Each structure stands twice: as structure tokens, then as C-alpha cells.
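Colleague:
Chains as they are written, first to last, in the working numbering: chain Z, 0 to 501; chain B, 11 to 337.
In C-alpha cells form, the structure reads like this:
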């Protein structure tokens with residue numbers, strides 16, 4: 000079946016997730032949909048499955064307009080989706096998961112069909128096993144087989160390789176090619192260019208909810224990268240270089256995290272005074288890295304040294320890191336850093352390590368007032384943290400931060416901030432705080448990383464694939480490394496490889 | 011034999027005492043399997059017991075009495091279900107408040123019918139009663155609630171294990187978002203199971219006022235049963251036969267209390283009366299440990315751990331108590 004999107008738009012409140020998106024996926028092809036996080040890929044696909052309603056535009060199947068109100072409508076037409084997070088039932092068995100959502104047939108026929116399909120695709124699945132005991136890849140295999148069993152003719156895959164092993168990937172890709180060859184229409188949502196290159200016949204690039212590029216194989220990577228991340232910005236003036244000193248953080252042979260957000264690294268050292276930017280797509284390992292350094296995540300293997308003190312492998316680690324003047328500012332401020340229903344002045348009271356039983360309300364109010372002035376927070380001491388806007392929450396966090404901190408770990412420090420607030424945050428970090436402090440931050444904005452960091456680490460699939468001084472690298476190579484290609488040579492290699500296949 | 015109670019009487023009284031509890035706990039289990047905790051259980055039992063007695067008395071019909079009890083239970087289920095599933099109110103808050111309301115409403119409305127005679131479901135003999143040995147005759151001469159409860163266990167085992175509706179109901183309790191993505195309507199399925207479950211709760215309540223503790227009064231004798239049933243569902247790990255076994259164990263401990271009291275006259279009677287409750291808590295602690303061990307080590311447990319796991323492992327529906335909002 001040919002699937003055609005015509006001028007699709009989607010709003011969440013006042014936020015435009017998609018604006019006038021049009022594209023066509025032809026029967027028997029694999030159509031790639033790429034873009035950075037939040038570009039609108041997943042939203043577009045959720046509209047096609049009837050999981051979310053569109054705000055405007057039409058969807059045409061084989062040239063006919065269709066209405067999709069619920070996932071059931073989409074399933075009736077033969078549209079099925081493999082979600083990024085397994086959308087299944089962990090406590091139920093493989094067979095039960097396989098049979099849910101398909102037209103009812105007898106248990107024996109479900110078992111037979113499951114066994115037959117698993118054999119055909121080379122998957123090994125025990126029908127009676129509970130799904131929670133399986134790996135993400137295996138859970139995905141069940142979903143894929145279920146969709147095939149339900150006679151899906153339009154298959155949507157949302158980041159299908161997130162969290163699956165290379166061996167499972169090696170099984171999945173030929174299976175997809177086989178399905179497309181047999182006449183299925185496949186839509187592949189991804190931000191990994193190497194995978195798109197090896198699978199897709201056509202690619203559409205989304206950026207900020209708009210279609211920015213459309214092309215057929217073979218693909219020209221620099222073009223795709225530019226469409227994904229925007230034009231290469233002009234070089235801005237770099238902040239003054241800081242002097243670096245002793246090693247403050249070192250990691251050795253680390254293995255941490257589960258299948259998702261996992262991290263493996265051999266050795267890493269950060270020096271005082273360095274500003275290190277962590278680049279990478281969502282879940283590539285940056286947030287695990289920051290939490291390891293803050294002592295919040297305990298590594299399964301390996302050693303972490305902070306200011307020459309070994310972090311213990313217990314819950315004490317985060318307290319010890321705190322005593323060593325290490326602070327961690329998470330991206331999700333209200334969830335992890337601030338207290339929703341507690342006032343600004345009480346936040347200052349909570350920060351005190353030594354405190355008497357009684358609260359010093361007057362003193363805390365004065366401290367809050369002072370912070371509101373110096374940090375220009377738009378709020379009153381009695382306001383609660385969730386009354387503040389994202390930018391003001393970040394200012395509050397910085398106000399709460401001990402100016403004597405020696406190690407500052409920031410997860411997406413300018414998340415949800417407008418440009419001016421963002422600049423203000425960086426001014427504060429680089430100028431007001433001690434220049435001996437080591438700052439490590441992650442950001443989804445490549446420009447922010449290139450502009451503010453002295454050194455860049457690029458994460459891909461739980462590994463550091465690039466570690467370089469900012470002065471010695473550029474926009475193109477970092478973007479390439481983020482999408483799984485190290486160095487420019489490799490890009491041209493892949494391009495050559497593809498044209499050879501053609 | 012325990013104390014001076016012959017074992018056949020013991021078995022018979024355990025069966026009789028456990029039947030309403032089995033029905034109530036299974037009713038609650040159905041609704042929890044779909045993800046909704048009906049915390050109004052304790053009040054709902056008393057309310058339906060009152061309604062059942064009043065209707066049976068006025069119409070002089072046990073059938074109408076039981077049906078009215080079921081409908082009264084269903085009414086409380088409708089309130090909890092509608093408020094929590096469609097208006098997304100907290101299931102705990104709604105259930106708790108409703109429980110207290112139902113209890114007081116039952117005492118207030120039932121007051122004119124306090125301590126008067128009414129129709130009672132008596133024990134009935136099996137058709138082939140005379141052919142059985144005396145031992146079985148004593149055990150099997152039971153009110154109809156006992157065979158109903160036992161049949162219910164079997165039906166529910168089948169329903170959840172083999173029927174498609176049962177699987178769909180479980181899937182909603184596990185992950186309503188995924189169920190929706192597969193074309194099911196989670197809200198409808200949840201409301202259906204809350205209504206079906208609370209109907210059974212009502213039947214269980216009626217079984218108290220019309221059979222086990224006939225009549226209406228304050229106290230009626232069914233006080234606290236709802237809370238026990240809630241604990242039994244956890245104890246039974248949301249599995250019909252384990253829930254029923256738990257109910258029987260509880261009834262056994264209660265009956266034993268009476269027997270042991272005669273055997274050990276020096277121990278205050280309160281000890282035996284309250285023994286089932288701390289035992290219940292102890293079992294829950296045991297369950298916690300067996301569940302954690304099994305999770306951690308997967309299938310490679312040692313012998314004892316494995317048995318603990320099989321006997322006491324609890325696996326709650328994943329989205330139990332969470333309200334589901336469609337995107």
C-alpha cells in the first residue's frame with residue numbers, strides 16, 4: 000500500500016509539533032524518516048497509527064483519504080507500529096503478548112504461527128516464557144512477528160535499534176529487507192545515519208516539525224546532516240581559554256547501566272579548569288556519564304576517582320561526591336532537583352547542611368530576596384518552585400549552587416531556556432564561578448557544545464567515539480560521530496559502498 | 011481434631027466460613043486484575059449485606075435478596091469505576107471515602123431492620139446424600155454459597171488462563187497504553203471488570219446477612235471483612251486458587267481459635283481471635299522476600315528459595331492503581 004501524508008500539522012496546546020508535512024512512502028520500499036530529537040518524527044508516526052489525532056491535513060492510503068481515530072482503525076487497514084519503548088505486557092508470556100491484538104484464533108494456531116514465523120526469521124522465542132525476563136531485542140522480535148501475523152501491510156519502526164544487541168540487529172535488518180521485498184511498506188524512524196544508509200530506499204528529513212529534505216538512495220551525507228542539524232553556523236568568538244590544572248575526575252574501565260543508557264569506557268580524565276561538552280543523541284550514554292561522576296549511578300565494573308578520592312560502590316558515593324564540592328544539575332529540574340510544592344525561601348533552608356531544628360524564616364527570606372535580585376529570578380520568596388518558568392528554575396538552581404564548587408556537572412543546562420537566559424546561564428558559569436572549577440555538560444544542541452566547551456566527547460551507543468579539543472574539530476565531524484560515523488573518511492566509504500551496491 | 015472439635019466439623023465450618031470471603035476476595039481480584047483497586051470494599055460488603063437482608067425480608071425471597079445485594083455492590087463499583095476511570099480521581103481517596111460512607115449508610119438505612127428474623131439460606135443436602143459416608147455427609151452439607159464459591163474459583167482460573175476476554179482484561183491491568191495501541195478500549199474493559207467484580211462483592215455481602223451471620227444489626231459480624239479480602243488478594247498474588255486458599259486459611263485460623271481456646275484455657279481468648287491478623291502480615295513479609303529473591307536471580311534459585319518463590323511470590327498487575335489517560 001502507498002501511504003501519503005498531505006499537509007499534516009499537529010499542535011500540542013500552543014506548541015507546533017508538525018507544520019505542513021507532506022511525504023509519500025511507496026509500497027515495497029523502506030522509507031527513512033530522520034531528524035534530531037524532537038523533530039516530529041515520532042509524532043507523525045503516532046498520527047498514522049491513530050494513537051494521536053492530527054490537527055490538520057490528510058492521510059491517503061492508495062490514493063484514498065482515510066480517517067484514523069483509534070489504533071484499531073489503523074490496525075483494520077493494516078498499519079502497525081513497532082514502538083521505541085517496547086509496548087507490551089511484561090508479566091504476560093511470549094505467546095500471550097503475541098496473540099493480543101490479533102483476531103481471535105485458537106491457542107494452538109497462535110502457537111503454531113509463532114513458531115513458524117520465529118523459524119522463518121531465525122528468532123528464538125520460547126512461547127511460555129514471561130516477557131519481563133527477555134531482552135529488549137527479543138521483546139521487539141515478538142512485536143515484529145505479531146505485526147506480521149496480523150497481516151500488517153504498512154510497518155512503522157521507531158528507532159528499532161535502541162537497546163538491542165548487534166546480533167539482534169544483524170537478524171532484524173535482513174528481516175526488514177525481506178518484508179519490503181515481499182511488498183510491505185516500511186517507514187523507518189531513526190537518527191542513526193549508518194542504519195538508514197544500509198536499509199532505506201528513500202529518506203525524508205524533518206527539522207523542527209518541517210520537511211527540510213527528501214532524497215532517494217544513494218545518499219549524500221553532508222547534505223542529510225545539514226538538513227538534520229541546520230546549516231553550519233559561522234564561527235563565533237570563543238570565550239577566553241582557561242588554564243587547566245590537575246586531574247580532578249578519572250574513570251577507568253567503566254561498565255554501567257542496563258541495556259538502555261548503558262555506558263562502556265576504557266579510561267577518561269578531566270582536569271580542573273576544563274569545560275567539557277558531551278555530545279550525542281538521546282540515550283547514547285551522556286546522562287549515565289554525568290550520573291556516574293556525581294556518584295548517583297554505581298558502575299557495575301570499573302573505578303571512579305574524584306579529586307583523588309575513590310568513590311565507593313554504594314549509596315554513600317553521592318554523599319562523598321557532594322562533600323568533595325561536586326554538584327549535579329539534572330535536565331529534569333522539577334523531577335530531580337527542586338521540590339515542586341516548596342517555596343523559594345524554604346529551598347535555601349533545605350540547602351543548609353548544618354541547621355538547627357527551628358527554621359530561620361526571616362533569614363531564608365532575605366537569602367531568597369537576595370538571590371532573586373542577583374540572579375534576576377522572576378518570582379517572590381513565597382512562590383513555589385513549580386510557579387517558576389523553566390528559565391527561572393534554572394536560575395534558582397544556580398543560585399542554590401555553592402559558588403565554591405569545584406566540579407560542576409550539568410545535564411542540558413539550557414533546556415527550555417530562551418536564547419538570552421541561556422547566554423546568561425553560561426556567563427554565570429564561566430565568569431562568576433571559580434575558573435579552577437571543572438565543568439562537564441551535556442546538550443542536544445551541537446552549537447552550544449561547540450561554542451562553550453574546550454573539549455568535546457561524543458557518545459554513540461554507550462561508547463565515547465570521539466574525544467577531541469574543540470579547537471581541533473568541527474561541526475561536521477562531531478555531527479557525523481553523533482550519528483555513528485567516525486571521521487569523514489568513513490562517510491565517503493559508506494557512500495562508495497552504497498553506490499557499489501547500486 | 012483440634013480441641014474438642016471433630017475434624018469433619020472443622021472442615022465443614024472452615025468451608026462455610028470461608029465461602030463469602032472467597033467470593034468477596036475474588037470479586038476484588040477481578041477489578042484489580044484490570045488495574046483498578048476498589049478500596050470501598052469494606053463498606054460495600056456491609057451495604058450490600060444490609061440491602062440483601064432488607065430486600066429478602068420484604069419480598070420474602072432469598073433470590074431477590076442475593077440479586078439486590080449484588081446490585082448494591084455494583085452500585086459502589088460504579089461510583090469508584092466512573093470517578094477513577096473517567097474522571098481520573100485518586101482510586102485510594104474515592105474508595106476510602108466511599109467505604110466509610112457505605113458503612114454508615116448501611117447502619118442508618120438498615121436500623122429499622124435491626125435484630126429481627128428474616129429469611130435464611132439453610133444448608134442443603136446433596137441429592138446422593140445418603141450414599142456418602144458419615145464423614146463426607148457432615149462436610150458436604152453446606153449452604154449454596156459454598157458450591158458457588160468453589161465453582162467461581164474454577165471458572166475464574168479458566169477465564170484468566172484460557173479465555174480471550176480474560177487475557178484482554180489482564181493486558182489492560184498490565185499496560186493500558188499498550189492495550190490501547192493494540193485496538194482495545196482500556197476504559198471500557200476496566201469499567202466492565204469493576205462492575206463484574208463489585209457485583210460479586212455484593213453477593214459476598216449478601217452471603218453474610220442471609221447465610222453465615224443471618225440477620226442485620228450493629229455490629230453485623232461482617233465488619234473488617236473487606237480489609238481482609240483486600241489483603242487476601244495480595245496474599246493470593248492475584249491468582250484465583252491462591253486467593254481462595256488464603257481465604258480458607260484465614261477461616262481455618264479463626265475456627266482454630268475457638269478450638270484452641272478450649273485446649274489452652276490459660277491463654278487469653280483475644281490471642282486466638284487476633285492471631286490471624288499478625289499472621290497475615292507475617293505472610294506478606296515472607297512474600298516480599300520470596301518475590302525479591304526470585305526477581306534477582308531469575309531461574310537459578312536454590313531449592314528452598316524456589317519453593318518460597320512458588321508459594322509466596324506475588325506479581326501485581328503492573329499498572330495497578332494508576333489512572334490511564336489516553337493521549
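C-beta atoms are modelled at their ideal positions from N, C-alpha and C, and glycine is treated no differently. Just so it is clear, the structure is predicted and the values come from calculations on it, not from any experiment.
1) Run down chain Z in chain order and give the residues with a C-beta less than 8 Å from the C-beta of residue 177 (chain B).
2) Cβ atoms of residue 49 (chain B) and residue 250 (chain B): under 8 Å apart, would you say?
3) Over what stretch of residues does the beta strand (DSSP E) that includes residue 268 (chain Z) continue unbroken?
4) Counting only Cβ pairs nearer than 7 Å, list the residues of chain Z close to residue 174 (chain B).
5) Residues of chain Z with a CB under 7 Å from the CB of residue 181 (chain B): which are they?
6) Any Cβ of chain Z within less than 8 Å of the Cβ of residue 103 (chain B)?
7) Would the stretch 25-38 of chain Z and the stretch 199-212 of chain Z be scored as touching if the rule is three or more Cβ pairs under 8 Å?
8) For chain B, find out if any of its Cβ atoms is closer than 8 Å to the Cβ of residue 157 (chain Z); answer yes or no.
9) Under 8 Å between C-beta atoms, does residue 74 (chain Z) make it to chain B?
10) Give a yes or no on whether the C-beta atoms belonging to residue 155 (chain Z) and residue 136 (chain Z) are separated by under 8 Å.
11) By alpha-carbon positions, which one of Z:194, Z:190, Z:158 and Z:147 ends up nearest to residue 182 (chain Z)?
12) Do the CB positions of residue 328 (chain Z) and residue 409 (chain Z) come within less than 8 Å of each other?
13) Closest to residue 124 (chain Z) by CA distance: which of Z:2, Z:141, Z:330 and Z:6 is it?
14) Should residue 411 (chain B) and residue 322 (chain B) be called a contact, given that it needs their Cβ atoms to be closer than 8 Å?
15) Could you tell me the boundaries of the alpha helix (DSSP H) in which residue 136 (chain Z) lies?
16) Grab me the residues of residue 308 (chain B)'s own chain with a C-beta within less than 6 Å of its C-beta, minus the 5 sequence neighbours each way, in chain order.
17) If you reduce the DSSP assignment to three classes, tell me which class residue 284 (chain B) lands in.
18) Check residue 46 (chain B) in the structure and name its three-state DSSP category.
19) Below 9 Å between beta carbons is the criterion; list the residues of the stretch 129-145 of chain B that meet it against any residue of chain Z, in chain order.
20) How would you write the range of the alpha helix (DSSP H) that residue 167 (chain Z) sits in, first residue to last?
21) Answer with yes or no whether the minimum CB distance from residue 110 (chain Z) to chain B is below 8 Å.
22) With a cut-off of 8 Å on the beta carbons, I'd call residue 151 (chain Z) and residue 28 (chain Z) a contact; round off their distance for me.
23) Give every residue of the same chain whose Cβ lies closer than 7 Å to the Cβ of residue 306 (chain B), excluding the five residues on either side of it in the sequence, and list them in chain order.
24) Looking at chain Z, is there any beta carbon in it that lies within less than 8 Å of the beta carbon of residue 328 (chain B)?
25) Strictly by DSSP, which residues pair up with residue 79 (chain Z)?
26) With distances taken from CA atoms, which of Z:475, Z:102 and Z:406 is nearest residue 246 (chain Z)?
27) Is the stretch 209-218 of chain B close to the stretch 108-120 of chain Z, with three or more CB pairs under 8 Å?
28) Run through chain Z and tell me which residues come within less than 8 Å of residue 339 (chain B), C-beta to C-beta.
29) Could you confirm whether any beta carbon from chain B is found closer than 8 Å to the beta carbon of residue 118 (chain Z)?
30) If we ignore side chains and look at the alpha-carbon of each, how far apart do residue 94 (chain Z) and residue 189 (chain B) end up?
31) Does residue 331 (chain B) have its Cβ less than 8 Å from a Cβ in chain Z?
32) What's the gap between the Cα of residue 326 (chain Z) and the Cα of residue 302 (chain Z)?
33) In angstroms, rounded to a whole number, what distance separates the CA positions of residue 112 (chain B) and residue 191 (chain Z)?
34) Look at the Cβ atom of residue 267 (chain Z), then the Cβ atom of residue 249 (chain Z), and state whether they are nearer than 8 Å.
35) Can you check whether the CB of residue 166 (chain B) is closer than 8 Å to the CB of residue 91 (chain B)?
36) From the beta carbon of residue 252 (chain B), is the nearest beta carbon of chain Z less than 8 Å away?
Modeller: Looking at the atomic coordinates:
1) Position 167 of the second chain, counted from the first residue, corresponds to residue 177 (chain B). Those within 8 Å of residue 177 (chain B) in chain Z are 91, 95, 98 and 99.
2) Translated into the one-based positions of the second chain, residue 250 (chain B) becomes position 240. Translated into the one-based positions of the second chain, residue 49 (chain B) becomes position 39. No, Cβ-Cβ distance for residue 250 (chain B) and residue 49 (chain B) is not below 8 Å.
3) Against the first chain, residue 268 (chain Z) aligns to sequence position 269. Where residue 268 (chain Z) is concerned, the enclosing beta strand (DSSP E) stretches over 262-270.
4) Within the second chain, the letter at position 164 stands for residue 174 (chain B). The contacting residues are 103.
5) For the purposes of this step, residue 181 (chain B) is taken as the residue at position 171 of the second chain. Under the 7 Å cutoff, chain Z gives 88, 91 and 99.
6) Here the question's residue 103 (chain B) lines up with position 93 in the second chain. No, its Cβ sits nowhere closer than 8 Å to a Cβ of chain Z.
7) yes
8) Start at 1 with the first residue of the first chain, and residue 157 (chain Z) comes out as number 158. Look at residue 157 (chain Z): its C-beta is not under 8 Å from any C-beta on chain B.
9) For this step, residue 74 (chain Z) is matched to residue 75 along the first chain. For residue 74 (chain Z), the answer is yes, since a Cβ of chain B falls inside 8 Å of its Cβ.
10) Counted from its first residue, the first chain places residue 155 (chain Z) at position 156. Counted from its first residue, the first chain places residue 136 (chain Z) at position 137. For residue 155 (chain Z) and residue 136 (chain Z), no; Cβs fall outside 8 Å.
11) Working through the first chain from its first residue, we reach residue 182 (chain Z) at position 183. Cα-wise, what sits closest to residue 182 (chain Z) is Z:147.
12) By one-based count along the first chain, residue 328 (chain Z) stands at place 329. By one-based count along the first chain, residue 409 (chain Z) stands at place 410. In contact: residue 328 (chain Z) and residue 409 (chain Z) (Cβ atoms closer than 8 Å).
13) As a position in the first chain, residue 124 (chain Z) is number 125, starting the count at 1. Looking at the Cα atoms, Z:141 is the closest of the given residues.
14) Look at the range of chain B in this structure, 11 to 337, and you will see that residue 411 (chain B) is not part of it.
15) Counting from one through the first chain, the residue named residue 136 (chain Z) turns up at place 137. It spans 135-148 - the alpha helix (DSSP H) in which residue 136 (chain Z) sits, taken as one unbroken run.
16) Taking the first residue of the second chain as 1, we reach residue 308 (chain B) at position 298. In this prediction, residue 308 (chain B) has a pLDDT of 45, which is less than 50 and means its spatial position is unreliable; what the coordinates show is noted afterwards. Within the same chain, residue 308 (chain B) has no close Cβ partners at all.
17) Looking up residue 284 (chain B) in the second chain gives position 274. It is helical.
18) Translated into positions along the second chain, residue 46 (chain B) becomes position 36. Of the three classes helix, strand and coil, the one that applies to residue 46 (chain B) here is coil, per DSSP.
19) none
20) Taking the first chain and counting its residues from 1, the one referred to as residue 167 (chain Z) is at position 168. 165-180 is the extent of the alpha helix (DSSP H) around residue 167 (chain Z).
21) Position 111 of the first chain holds residue 110 (chain Z). Cβ-Cβ to chain B under 8 Å: no for residue 110 (chain Z).
22) For this step, residue 151 (chain Z) is matched to residue 152 along the first chain. For this step, residue 28 (chain Z) is matched to residue 29 along the first chain. With a Cβ gap of about 15 Å, residue 151 (chain Z) and residue 28 (chain Z) do not count as contacting.
23) In the second chain, counting from the first residue as 1, residue 306 (chain B) sits at position 296. Model confidence at residue 306 (chain B) stands at a pLDDT of 41, short of 50, so the residue's coordinates are unreliable; what they give is reported in the following sentence. Same-chain partners within the cutoff: there are none.
24) As a working note, residue 328 (chain B) is residue 318 in the second chain. At a cut-off of 8 Å between C-beta atoms, residue 328 (chain B) counts as an interface residue with respect to chain Z.
25) Stepping through the first chain from its first residue, residue 79 (chain Z) is reached at position 80. DSSP lists Z:154 as partners of residue 79 (chain Z).
26) Here residue 246 (chain Z) refers to the residue found at position 247 of the first chain. It is Z:406.
27) no
28) Since the first residue shown for chain B is 11 and the last is 337, residue 339 (chain B) is missing from the structure and cannot be characterised.
29) Along the first chain, read from residue 1 onward, the residue named residue 118 (chain Z) stands at position 119. Chain B contact via Cβ: absent.
30) Stepping through the first chain from its first residue, residue 94 (chain Z) is reached at position 95. Stepping through the second chain from its first residue, residue 189 (chain B) is reached at position 179. A direct Cα-to-Cα measurement between residue 94 (chain Z) and residue 189 (chain B) gives close to 15 Å.
31) Locating residue 331 (chain B) in the second chain gives position 321, where the first residue counts as 1. Not an interface residue.
32) Taking the first chain and counting its residues from 1, the one referred to as residue 326 (chain Z) is at position 327. Taking the first chain and counting its residues from 1, the one referred to as residue 302 (chain Z) is at position 303. Near 19 Å, if we compare the C-alpha coordinates of residue 302 (chain Z) and residue 326 (chain Z).
33) Along the second chain, read from residue 1 onward, the residue named residue 112 (chain B) stands at position 102. Along the first chain, read from residue 1 onward, the residue named residue 191 (chain Z) stands at position 192. Cα to Cα, the separation comes out at about 58 Å.
34) If you number the first chain from 1, residue 267 (chain Z) lands on position 268. If you number the first chain from 1, residue 249 (chain Z) lands on position 250. Contact: yes.
35) Working through the second chain from its first residue, we reach residue 91 (chain B) at position 81. Working through the second chain from its first residue, we reach residue 166 (chain B) at position 156. Against a cut-off of 8 Å, the Cβ pair of residue 166 (chain B) and residue 91 (chain B) comes out as no contact.
36) Numbered from its first residue, the second chain carries residue 252 (chain B) at position 242. It does not: the Cβ of residue 252 (chain B) has no partner Cβ on chain Z nearer than 8 Å.
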